[in-house]
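To start, the structure under review is shown below, and the notes come after it.
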Amino acid sequence: MSRTILGLLLTISTTLAAELVLPSELFSPQVAQKVLATANTVQNPAKYPQWTDRDKGTWQFFSPDTWTSGFFPTTLYALNERLSICPTDELKATDWLGLAQTWSSAEVPLETKTTTGHDVGFLSFPFIEELKVHSNNQTAQTAVNSFANELAARFDPIVGCTRSWDTTDPTDFTVIIDNMMNLEVLFQSANLTGNHTLIDIATSHADKTLVNHLRPDGSSYHVVEYNSTTGKVIKQRTAQGYADNSTWSRGQAWGIFGFANMFKHTQNLTYLETSRHMAQYFLTNLPGDGIVPWDFNAPLDPPRPADSSAAMIAANGLLLLSQGELSLSPANKSGSDFYIDSAIQIIANMTTLAWRPEWQSLLANGTVNNPALNNLTGIVYGDYYFVKNANDLVSLGIATCNGSLTGSTPSSPSASVSGSGSIPSASSTDGVRTSSGAARSVQGRISGLAVAVAVLGGLVL
Ligand code: GLY
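Here this note's numbering is used: the first residue of the sequence shown is 2, the next is one more, and so on.
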């Protein structure tokens, strides 16, 4: 056994030291109450919440063509889904689907613009959700196809990627790791139209990204600049991270999700291995308090801000990765359990830190853009993935609607999983605050060492 493997075994098995917990806030009635209160805020002309102020957690609203505008309507679709999987009287009292459709409507004209840029994947989310409910909805189909075509038009066959930011120098072709999240709209549109070119574009973009955005240790560059004439890499750097050679945690989280999603669509094991590799970096570089920092390499002094949005995105990516492990033949049950448990622990740690009953957002401690000093806020996509994580935990049979873990994947009763059940004092993050939410726990889902061994079977080292 190599020293790398031994080191990783030790790291993982020593962090898997206490009981696994789900925060009660995940299924709190306040989730729906807060989202409904925001939905009932009339914005004329239409504007969408993106982040909150730092003091009172009041939403700041932005125009429909902002890259984040799809997340609030998609959160409303998620609560419509919650209504069907956890039909409480309180949820039944609201027409979540109607609200979601109303809040999506101001995004419809965007599909006819060619200036929306590269973030069309995020903007398409509400329409993808609408098609899950009404598969023949023409408006939603048109929106998905238009957004996909807009993204396809940003594909350069020499570079092999879709272009992110538009630059004054047309040969300078930037690609950000975030754009792995765009690829879903290409698959959705290919499914509607049978246009396989869209899948070829998604595959090419992912293949180039895994070669040029990932480092050997599974960490990622935020930005890769290519020369569009030669297709060669000019520079690997950051925009929202701490340094060019650091790892911006939200970018890493987008990558975990994005490659797990590529595996879901293609069953290409390289994508599963890439998602595992990025997850391995994310999990083994968490600080002792388990709180996701805004950048894994940001200095500890002064205390670095956390990013609750990166935590919620990563947790959702780990849940998706867990399903990829289960889809293997034979299923990698141990690996799947490990990623589920890791997701739960991240959600628990971050919820304890960031849940804010008195704020309009669900969570605080989001870092929008630390170099621009936009941190310690609520963030609409952090809240969306918080809601989605709860839904997915129920849909996957991992949790019940009252927030208990089902314990459906038990193993060693003496073992414990993943980090500490309580959050240690802040050693590495700023703005730490504990919540009053009582957490339930299940014991002994998996032995820490067994988890490490099982996971190592599938890790790229
Ligand atoms: N896609 C931009 C961000 O994650 O901040």
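Just so you know, even glycine gets a beta-carbon here, dropped at the ideal spot from N, CA and C.
Supposed contact pair residue j and residue i - C-beta distance, whole angstroms, cut 8 Å
i	j	result
proline 74	proline 127	4 Å
serine 105	glutamate 82	Not a contact, Cβ separation roughly 15 Å.
leucine 321	asparagine 390	11 Å between Cβ atoms; not a contact.
threonine 172	threonine 230	5 Å
methionine 279	phenylalanine 260	7 Å
serine 323	tyrosine 340	4 Å
threonine 53	glutamine 61	7 Å
asparagine 45	histidine 119	Contact flag wrong, Cβ pair sits at about 29 Å.
valine 381	glutamine 51	5 Å
valine 293	isoleucine 347	7 Å
Contacts around residue i, its chain only, beta-carbon distance under 6 Å, and the 5 residues preceding and following it disregarded
i	result
valine 388	Thr76 and Ala79
leucine 284	Ser343
leucine 184	Ala203
glycine 58	Arg357, Trp360, Gln361, Ser362 and Gly379
methionine 1	Coverage of the chain is limited to positions 2 through 462, which leaves residue 1 absent and any answer about it impossible.
cysteine 162	Val176, His206 and Lys209
aspartate 245	Arg238 and Thr239
alanine 47	Pro65 and Ala107
One or two residues paired with residue i in a DSSP bridge
i	result
cysteine 162	Asp157
isoleucine 177	Val224
asparagine 370	Asn375
glutamine 61	Trp52
alanine 400	Leu406
isoleucine 380	Trp52
leucine 215	Ser221
Local conformation of residue i per DSSP, three classes
i	result
phenylalanine 297	coil
valine 186	helix
leucine 363	coil
leucine 100	helix
valine 43	coil
lysine 236	strand
glutamate 20	coil
tryptophan 1	Here the chain covers residues 2 to 462 and nothing more, so residue 1 does not appear.
serine 25	helix
isoleucine 257	helix
alanine 316	helix
arginine 305	strand
leucine 270	helix
alanine 38	helix
leucine 488	The question about residue 488 has no answer, for the chain in this structure spans 2 to 462.
leucine 329	coil
leucine 152	helix
Contacts around residue i, its chain only, beta-carbon distance under 7 Å, and the 5 residues preceding and following it disregarded
i	result
aspartate 384	Thr76, Ser362, Leu363 and Leu364
leucine 37	Thr95
valine 225	Val176, Asn213, His214, Val234 and Gln237
aspartate 157	Arg164, Phe174 and Ser229
isoleucine 257	Ser276, Met279, Ala280, Phe283, Ala315, Gly318, Leu319 and Leu322
asparagine 392	Ala79, Glu82, Arg83 and Ile86
lysine 35	Gln361 and Leu363
Cut-off 8 Å between Cβ atoms - residues of its own chain near residue i, not counting five sequence neighbours on either side
i	result
valine 1	Here the chain has residues from 2 to 462 only, and residue 1 is not among them.
leucine 270	Phe264
valine 134	Tyr78, Asn81 and Leu98
leucine 377	Arg55, Pro306, Ala365, Asn366, Gly367, Thr368, Asp431 and Gly432
glutamine 253	Ile178, Ser220, Ser221, Met279, Tyr282, Phe283, Phe297, Ala311 and Ala315
glutamine 463	Lying outside 2 to 462, the shown extent of the chain, residue 463 is not represented and no answer is given.
alanine 440	Residue placement at alanine 440 is flagged as unreliable, the pLDDT there being 32, under the threshold of 50; the coordinate-derived value follows with that caveat. Cβ neighbours of alanine 440 beyond the five flanking positions: Val22, Leu23, Pro24, Ser25, Ala349, Thr353 and Gly422.
leucine 92	Ala33, Leu80, Arg83 and Leu84
glycine 438	A caution first: glycine 438 carries a pLDDT of 28, below 50, which makes its placement in the model unreliable, though a value can still be read off. Contacts found: Pro24, Ser25, Glu26, Ser29, Thr352, Thr353 and Trp356.
phenylalanine 188	Leu199, Ile200, Ala203 and His266
threonine 401	Val395 and Thr407
tyrosine 386	Ser310, Met313, Ile314, Ala316 and Asn317
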